[in-house]
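Encoded as C-alpha cells, the structure appears first; notes follow it.
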Amino acid sequence: MSQPVLSIHNITKTFGGFVALNDVSIELHPGEIHAVLGENGAGKSTLLNILAGITQPTRGDIKLNGIPVAFSSAVDAAKAGIGMVHQHFMLVPTLSATENLILADMVENRAWFAWPAGPVRRRIAAQAESFGWDIDLDARIDTQTIGAQQRLEILKALQGERKILLLDEPTAVLTPGELPGFFATIRSIAATGTAVVIITHKLDEVVSVADKVTVLRRGRVVNQCLTADTDVSNLAREMVGDASNAFAVLTAVKQKYTASDNGNIRVELSHAAAISGDSVLRQGSASIQEGEIFGIAGVDGNGQDALAALLTGNTILHEGSLTIGDLVITPHRKCTPQDFLRNGVSYIPADRQTDGLVMSMTIADNILLDRVSEPPFTKFGMFIDTVAVKRFAQSEIERFDIRPADAGCIVSTLSGGNQQKVVIARAMSRKPRVLVAVNPTRGLDVGAIAYVHRALRAATAAGCAVVLISTELDEILALSDRIAVLFEGRLSETVPAGVSKVDLGHLMGGAIN
Amino acid sequence: MIRNSALSFTIALLWIVIATSTCAGIVMIAGASPMSVAQALLQGAIGTQYNISNTLVQTIPLLITALAVVIAFRAEMFNIGVEGQFLLGAVLACWAGQLSVPGPLAIVVTLVASMLGGALWSLIPALMLHFRGVQIVLSSLIMNFIAVQVVAWVVRGPLQESIREYPQSDPIRTAAELPKVIAGLQLHSGIWIALAIALLFDVLVRNTVFGQHLKAVGSGSRASKTMGLPVSRILVTTVLLSGALGGLAGGIQIAGVTHFLADPYSKGYGYTAIAVALLARLSPIGAIPAALLFGALTSGSSAAQSAGIPVVVLQVIQAVILFSILGARFTANSLRNKLAKGATA
C-alpha cells in the first residue's frame, strides 16, 4: 500500500468542557475518495476544520507525507497542498471566474497587486479542460449555475498543485440532476492522484462515490472501512447510534399501543407537499390517530423542517391535502400558527431557544405567550390580570417541575432541560388534540430526556395524537406506536412499532418500500 | 447596594466635571466667558416665568414625538418618519381647525384630524412592510421628504391664506385653539395631553396585552411568530399608533402655538425625538425628563443666542452634554458588569 499523503493520529479537540473529537485517526492515500459520515454535531466540521488548518487540535499529530506538521492557519494548510471547498461558496458574485481565482491567489500570497490575467486564465482553462469541464471563465459568478460555481470552487481549491481536496457537504447545494455530474467530477479529480475528503450526512452519496468511509458519532470514530464492505442500512445504524445509550432504559416508559384502526383520526396527510426555507417535503401521506405516538424517523435534512412547519401552520400546503384537528387545509390556503393553536394543535419546535421561547421574557410570560390575550387572563379585554397569570404560571411550574419554581424568572437563565419544560408546559396547557414535537430531547441530559418522554406518553393518555419527528432513531423506537421514515422529502409507508432497526436503517437510507 | 449607589454618584460626578470643563474650554476658544454663557443658558431655560413657560412649550412636541418613537422602537419598528407624520398632522389640523364646528368640539375635531393625518402617513410604510417586507427605517424616512413637499404645496395651494400673499395658511378658528395654562404666557394645555399620554403609555407597555405582545415581538425572537402571535398585526398597529402620535404632536403645535401653517413648518422635532427616546431608554416615563432636558437646552440656547453667543458654540455645548450623559451611562454599565463578573469569579 502506498504511503498516506496525509494522516492524523489520535486527534482530540475540546471546546471548554465539550469534547468535539475524541481520539480520531484517519489516513488519506493519493487518488482515494474518503467519506466522513455523521449526524449534525457528530464532529464532522471540526475534523474538516482541523485538516484545513482553520482550528488546531487539542491533542494528536498530523503528518504530511510522513513528516509531522502543525498548521496555524488555513493559508499554512493551503501552502502544504490542502485545498478546501466550503459548503457556502466563497466566491465574489460580481467578479468573473478568472478574477475570483486571481483574487484567491492574491489573498494567499498577501500580494498587493495582480499580474496580468492572461497567464492565469490560460492555466485555469487548461485545468478545466483536463477535467472535461466547459466553464465560462469570463462571465460573472452570479450569472452561472450552482454546479458551475462549485466547479470553480474546486478549481480554486486545487490551484498550485494541491494534492488534497476537502469538500464540506458538497451536495447540499446541488439539485438531484446535478449529482451524477458532480460524482464524475470527483472521480476524475481522484484519478489524477488527488486525495479527496467528502463530509456528508447523506448515505447514498457515500456508497456511490467513496472508496473508504469513516463514521463519526458524538466525536468518536464508530466505524472505518472500505465502502465495498458495508451498505446503506449498516451506515445508517452506525450514524444514529445503538440501543446501548439512555434511550434503552426508557423503553419501559412505553405502554403498548392497543388502539385499533377504527380510532379517531386526528391528522390525515394525503400526498402533501410543502417547503420551509431550504427544507422540502415532496410527498407525504399518513393517518395519525388519537392516543398514539406517531414516530417520524429519518436522517436530518430530509424534509423534517417542512413537515413540522406544515403541521403547525408555519408554512402553506403546496399540493395534496391535510386535515388536522378540525382544520381542513387545502393547497395555498393561508393559515397562521394561531389558527392551528386555537384548533388544538400544539407545537414543540426543534430549536427551543429561537422558535420556542422568547429568551428575554419570564417563565410566566413564555407559558402564556400566545394566551395572555384570552380569558381568563385579561380584564376588560385589554388589561392583563397579573394575579391570574401568576397563579396559572405557578400551577404549571409545579405540574411540570420547572426549576427554579419562580414565575418571574427570566427564561435565558434556566438550564436547557427546564427551558424545554417551559415549552412543553405551554404546549400541554392548551389541552391539545394534536401535539407536534420535533427533536424534543436534543441537547438534554438523561433525566430531562426521561421527563420529556413521560410527558409525551402522558399526552397520549389524555387522547392527544403525538407526531414525534426525531432524528434519534432510538428515541423513535422507544416511544412510537407506529413509524414512518422521511427520506429526501418523501414519507415512507407506515410501519408498526415492532419494526427492526435494520429495516428502519434501510428506509432511512432511501430504500423506500 | 451602598457600593452601587456610591459608584453611580462617583461616575456622575466625574462626567459632570468632564462635561463642564469641555464646555468651558470650547467657550474660551470661541473667545467668550464660560461663566456668562452658563448664566445666559440657565437664565434662558429657567430664569424667568416667561423662560420656564418657553422651555415647557418646547418640551411638549418633543415629548409627544419621543413617545411615538418609544412605542415603535420597542417593537423594533424603527419609525424615523415621525417628522413627516408631525407635518401631516399639522396640515390636517390646520384644515380641520378652520371648519365651522360648534364650540368645544372644534378642538377635538382638530386634534383627531391631526392623529388621522399622522396615522395615514405611517400607513403607507406599514402597508409596504406588511405586503412587501420593506424596512420601516427606509420607507418612513423617505416619507419625511415627501411630507416637507406636501406642506410646501398646501400653503401655496389649497390652504393658502385668503389674501394669497405669503406661503402660509389662514389661522385656525379661536375655538380650535388650545387654551393657555396661565394667561399671558405661551404655555398651553397641550402639556397635560403630553403628560397624560406618557402615563397612559406606561400603563400600556406594562399592564396590557398589547404591551406584552410588543415586548415579545420587540425581542426579535422568531418564537413570537412560530408560537402563534399575530406578529404582522401587532407591528402594523404599532406603526399606526406611532404615526397617530407624531401627527398629534403636529396638531398640538398648530392648536397650541402657531395657530397657522407656514413653510417650512417643523424645527426637526421628529428627528430630535429619536435622541430623546433613546436618552429615555425607550421608557415612556423616562421620556418626560429627557424631553424636558432638550426643551430647556433649546429654550436656553435661543435666549443665549439673543445675548450674543454664537449659535455654533451653543450647539456644541448641547452635543457635549448629550455625549456626557451617554458616556456616564456607558461607564456605569461596563463597571457594573466588571464588578458582577468579579463577584461570580
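Chains as they are written, first to last, in this note's numbering: chain A, 1 to 513; chain B, 1001 to 1345. Virtual Cβ for every residue (Gly too), placed ideally from N, Cα, C.
Please list, in chain order, the chain A residues whose beta carbon lies closer than 7 Å to that of residue i.
i	result
residue 1209/B	372, 373, 378, 382 and 384
For chain B, check one thing: does any of its Cβ atoms lie closer than 7 Å to the Cβ of residue i?
i	result
residue 245/A	Note that residue 245/A has pLDDT 45, beneath the 50 cutoff, so the model's placement of it is unreliable and no number is given.
residue 278/A	no
residue 349/A	yes
residue 341/A	yes
residue 327/A	no
residue 369/A	yes
Buried or exposed, going by whether 16 or more other CB atoms sit within 10 Å of the CB of residue i?
i	result
residue 112/A	exposed
residue 161/A	exposed
residue 59/A	exposed
residue 1095/B	buried
residue 247/A	In this prediction, residue 247/A scores a pLDDT of 46, lower than 50, which makes its location untrustworthy; the coordinate-derived value is nonetheless stated afterwards. It counts as buried.
residue 399/A	exposed
residue 1100/B	exposed
residue 1165/B	exposed
residue 153/A	buried
residue 424/A	buried
residue 486/A	buried
residue 289/A	buried
residue 182/A	buried
residue 304/A	buried
residue 951/B	In the structure displayed, chain B extends from 1001 to 1345; residue 951/B sits before or after that span and is not available.
residue 382/A	exposed
residue 506/A	buried
residue 129/A	exposed
residue 66/A	exposed
residue 374/A	exposed
Give me the chain B residues within the contact set of residue i, using Cβ-Cβ distance strictly less than 7 Å, ordered along the chain.
i	result
residue 314/A	1226
residue 21/A	Here the premise fails: no neighbours, minimum Cβ distance about 29 Å.
residue 357/A	1223
residue 473/A	Under the 7 Å cutoff, chain B gives no residues; its nearest Cβ is about 26 Å from residue 473/A.
Considering Cα atoms alone, identify which of the options is closest to residue i.
i	options	result
residue 291/A	435/A, 384/A, 219/A and 347/A	435/A
residue 438/A	280/A, 15/A, 406/A and 356/A	356/A
residue 61/A	348/A, 24/A and 36/A	24/A
residue 205/A	78/A, 224/A, 169/A and 411/A	169/A
residue 302/A	203/A, 293/A, 280/A and 320/A	280/A
residue 1180/B	1173/B, 1190/B, 1172/B and 1128/B	1190/B
residue 213/A	471/A, 27/A, 424/A and 55/A	27/A
residue 533/A	480/A, 167/A and 336/A	This structure cannot settle anything about residue 533/A, because the visible part of chain A is limited to 1 through 513.
residue 1260/B	1271/B, 1233/B and 1174/B	1174/B
residue 19/A	130/A, 218/A, 106/A and 363/A	218/A
residue 325/A	275/A, 269/A and 504/A	269/A
residue 421/A	449/A, 431/A, 433/A and 430/A	449/A
residue 1184/B	1053/B, 1145/B and 1329/B	1053/B
residue 135/A	419/A, 105/A and 98/A	98/A
residue 300/A	461/A, 472/A and 157/A	472/A
residue 1168/B	1155/B, 1162/B and 1176/B	1155/B
residue 271/A	147/A, 490/A, 469/A and 144/A	490/A
Whose Cβ in chain B lies nearer than 8 Å to the Cβ of residue i?
i	result
residue 338/A	1228, 1229 and 1230
residue 361/A	1215, 1216 and 1219
Cβ closer than 9 Å: which chain B residues qualify as neighbours of residue i?
i	result
residue 365/A	1212, 1215 and 1216
residue 354/A	1221, 1222, 1223 and 1226
From the beta carbon of residue i, is the nearest beta carbon of chain A less than 7 Å away?
i	result
residue 1335/B	no
Looking at the ligand NAD, does it come within less than 6 Å of residue i, judged from the CB to the closest heavy atom?
i	result
residue 470/A	Ligands in the displayed structure: none, and consequently the ligand NAD is not present.
Open item on the list: Taking beta-carbon pairs under 8 Å, can you tell me which members of the region 1212-1228 of chain B lie near chain A?
Closed with: Within the region 1212-1228 of chain B, the qualifying residues are 1212, 1213, 1215, 1216, 1219, 1221, 1222, 1223, 1224, 1225, 1226, 1227 and 1228.
Task: Residues within the region 1228-1245 of chain B neighbouring chain A, beta-carbon criterion of under 8 Å - done: Of all residues in the region 1228-1245 of chain B, 1228, 1229 and 1230 have a Cβ within less than 8 Å of some Cβ in chain A.
Task: Against chain B: residues of the region 392-410 of chain A by CB proximity under 8 Å - done: Those would be none; no residue qualifies.
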